[in-house]
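Residue numbers (this note's numbering): 179 to 538.
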């Protein structure tokens, strides 16, 4: 707040120095996320100083809805414009407001070790305020999560920290699998969900770097779960060793992350339409490879932590044109199920189920 005040109302210190010093303070007193957030916010304010001063206190006079919402709810106008193309003004306003609120803290119960009711009671006995998640049968929402990862419950692997939307991506698949592949696995939440829902299945988890692969392994070990392999693999490049071996392939695709604005506010300032176009190509390449890894009658779960059509419906539509041997299996009566912070209270998320009918 001091940095913002200096940029907008004081002239003695150059804006670039204000940004630099504020970032230094964030490094000392904040965390890794706060450093990027501080830098992005202050640079944006510095670049838009005159416009902010002229318009911040006169939004009632602004006729352009996108511009007004951008100022009132602190979102890039480009992003607001893209939302208004898909949703009505009331919904967009509600979503932008929700993006500025504190996100819920949700955990996935390790049902191999403890049932949801028992974990809920145990945490409540330790002073935590706990509710069952509304949609997932395996989640708990913690109102006061401070210190939760220091509990014996966490250390014994009784739960995994995960948003309800991410839990639902696998839970709503409603598919019993024997051989499972998670193509973009880190940090491992969806692989863990798949294993808990299919305890006798073999599961192979993949990701692009040694660091990510190691993280998945650490989470499996903490939760006392067995995996059949965690391998380093670039999901955008076809791997012949994986061809036609799995009846469930999970593609939690790299995305813009615009459904996570509540958790990572800097994302809204660090993403552009050009970023999204590049990501759509990556998503399509990964999905194309997944189609070759899944068996006939098998399922692909395609999910993203964003609500943009470019990264969801458009990717699926293009995939179906190129792969007529696949069809969409509706999830809760939607071809692509979208979850929103202002509706379900989850992260912004999209889930699509694809079934392989025959060989192409």
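Heads up, the beta-carbon is just placed ideally off N, CA and C, and yes, glycines get one too.
Remember, it's a predicted structure, so these values are computed and weren't measured experimentally.
Check, Outcome
"Identity of the residue in 255, 276, 321 nearest residue 285 by Cα", "321"
"Counted within 10 angstroms of its Cβ, other Cβ atoms place residue 192 as buried (16 or more) or exposed", "exposed"
"Beta bridge counterpart(s) of residue 309 as assigned by DSSP", "319"
"Own chain partners of residue 357 with C-beta closer than 7 Å, once the 5 adjacent residues on each side are dropped", "379, 380, 423, 424, 425"
"Meets three-Cβ-pair contact criterion under 8 Å: the segment 514 to 527 and the segment 463 to 476", "no"
"Host alpha helix (DSSP H) of residue 455 (start-end)", "451 to 471"
"Where the alpha helix (DSSP H) containing residue 216 begins and where it ends", "210 to 225"
"Validate contact between the segment 494 to 509 and the segment 410 to 421 using beta carbons, cut 8 Å, 3 pairs", "no"
"From 527, 289, 207, 189, residue whose alpha carbon lies closest to that of residue 439", "527"
"Anticipated Cβ contact below 8 Å, residue 298 with residue 318, distance rounded", "6 Å"
"Within 9 Å, strictly: CB atoms of residue 347 and residue 368", "yes"
"Sheet register partners of residue 399 (DSSP bridge)", "DSSP lists no partner for residue 399."
"Of the residues 203, 259, 316, 493, the one placed nearest residue 345, counting alpha carbons only", "316"
"Whole-angstrom distance between residue 304 and residue 427, CA atom to CA atom", "39 Å"
"Alpha-carbon spacing of residue 477 relative to residue 420, whole angstroms", "15 Å"
"Per-residue DSSP class, three states only, for residue 188", "coil"
"Alpha-carbon spacing of residue 209 relative to residue 448, whole angstroms", "18 Å"
"Residues that DSSP places opposite residue 531 in a beta bridge", "479, 507"
"Bounding residues of the alpha helix (DSSP H) (the contiguous stretch that carries residue 203)", "193 to 207"
"Which of helix, strand or coil DSSP assigns to residue 328", "helix"
"Inter-residue spacing [alpha-carbon to alpha-carbon] between residue 399 and residue 279", "34 Å"
"Pick from 311, 314, 301, 309 that is closest to residue 327, judged by C-alpha positions", "301"
"At least three beta-carbon pairs within less than 8 Å, the segment 213 to 220 to the segment 198 to 205", "yes"
"Whole-number beta carbon distance between residue 514 and residue 434, since they are thought to touch under 8 Å", "So it is not a contact: roughly 16 Å between Cβ atoms."
"Continuous beta strand (DSSP E) stretch holding residue 357: start and end", "357 to 360"
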